Amino acid sequence: MQSPCQSWRRFVQINLIQSVTDISSVRHSYLARPRPEIDATDAVTFSRRLPVTDQSLIDRHLDELWLSRALAANTLAAYRRDLGAFARWLAPRQLDQARASDLLEYLGHRHQQGFHARSTARLLSCLRGFYRSLVERGSLIKDPTALLQHPKLGR
Numbered sequence: 486m487q488s489p490c491q492s493w494r495r496f497v498q499i500n501l502i503q504s505v506t507d508i509s510s511v512r513h514s515y516l517a518r519p520r521p522e523i524d525a526t527d528a529v530t531f532s533r534r535l536p537v538t539d540q541s542l543i544d545r546h547l548d549e550l551w552l553s554r555a556l557a558a559n560t561l562a563a564y565r566r567d568l569g570a571f572a573r574w575l576a577p578r579q580l581d582q583a584r585a586s587d588l589l590e591y592l593g594h595r596h597q598q599g600f601h602a603r604s605t606a607r608l609l610s611c612l613r614g615f616y617r618s619l620v621e622r623g624s625l626i627k628d629p630t631a632l633l634q635h636p637k638l639g640r
């Protein structure tokens with residue numbers, strides 16, 4: 486009988502062996518990929534669907550987080566919502582074309598919408614990790630989040 490840790494390692498090894506070069510093939514049910522629709526809007530939120538490249542960038546980043554840091558399902562779902570919302574706001578440009586000025590503008594937009602500092606701090610953490618991973622992979626030369634400061638959080 487294998488311990489839960491051993492069976493988990495075996496599960497990860499099997500999935501990694503199946504696709505060593507493409508980490509996005511490792512899927513788990515809690516990542517809940519959106520199903521493709523025929524039209525260009527999401528039927529529930531009536532918002533514009535993300536381009537395939539943005540969605541694949543988000544999927545790959547969340548898969549890497551799931552494998553390397555074993556984040557909770559709720560954290561991954563919140564990161565997916567945050568990245569998706571930023572991508573829709575940034576449209577028609579792609580996520581990998583964002584500039585620091587775009588990020589500051591988006592943060593101002595969220596502040597006007599009444600988002601709390603903790604939500605903004607989570608968003609910044611998510612964006613920093615996302616753009617840091619793009620730089621590490623060589624997809625971006627400069628990290629647009631490098632000079633952004635975290636909001637002050639009260640106790």
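Heads up: the sequence shown runs through residues 486 to 640, numbered per my numbering.
Ideal placement from N, C-alpha and C gives every residue a C-beta, glycine not left out.
Everything numeric in this text was worked out from a predicted model, so none of it was measured.
DSSP, reduced to helix, strand and coil, places G623 outside both helices and strands of the structure shown, so it counts as coil. DSSP, read as helix, strand or coil, puts A585 in helix.
Of all C-beta pairs linking the segment 580-590 to the segment 613-633, three or more are shorter than 8 angstroms, placing the two stretches in contact.
Rounded to the nearest angstrom, the Cβ distance from R565 to I543 is 6 angstroms, consistent with a contact under 8 angstroms. With a cut-off of 8 angstroms on Cβ pairs, the segment 549-561 is not in contact with the segment 593-602, counting fewer than three such pairs. Sequence-distant Cβ neighbours of S618 in its own chain, meaning closer than 7 angstroms and more than five residues away, are H546 and E549.
For G599, there is no enclosing alpha helix (DSSP H), as DSSP gives it neither H nor E.
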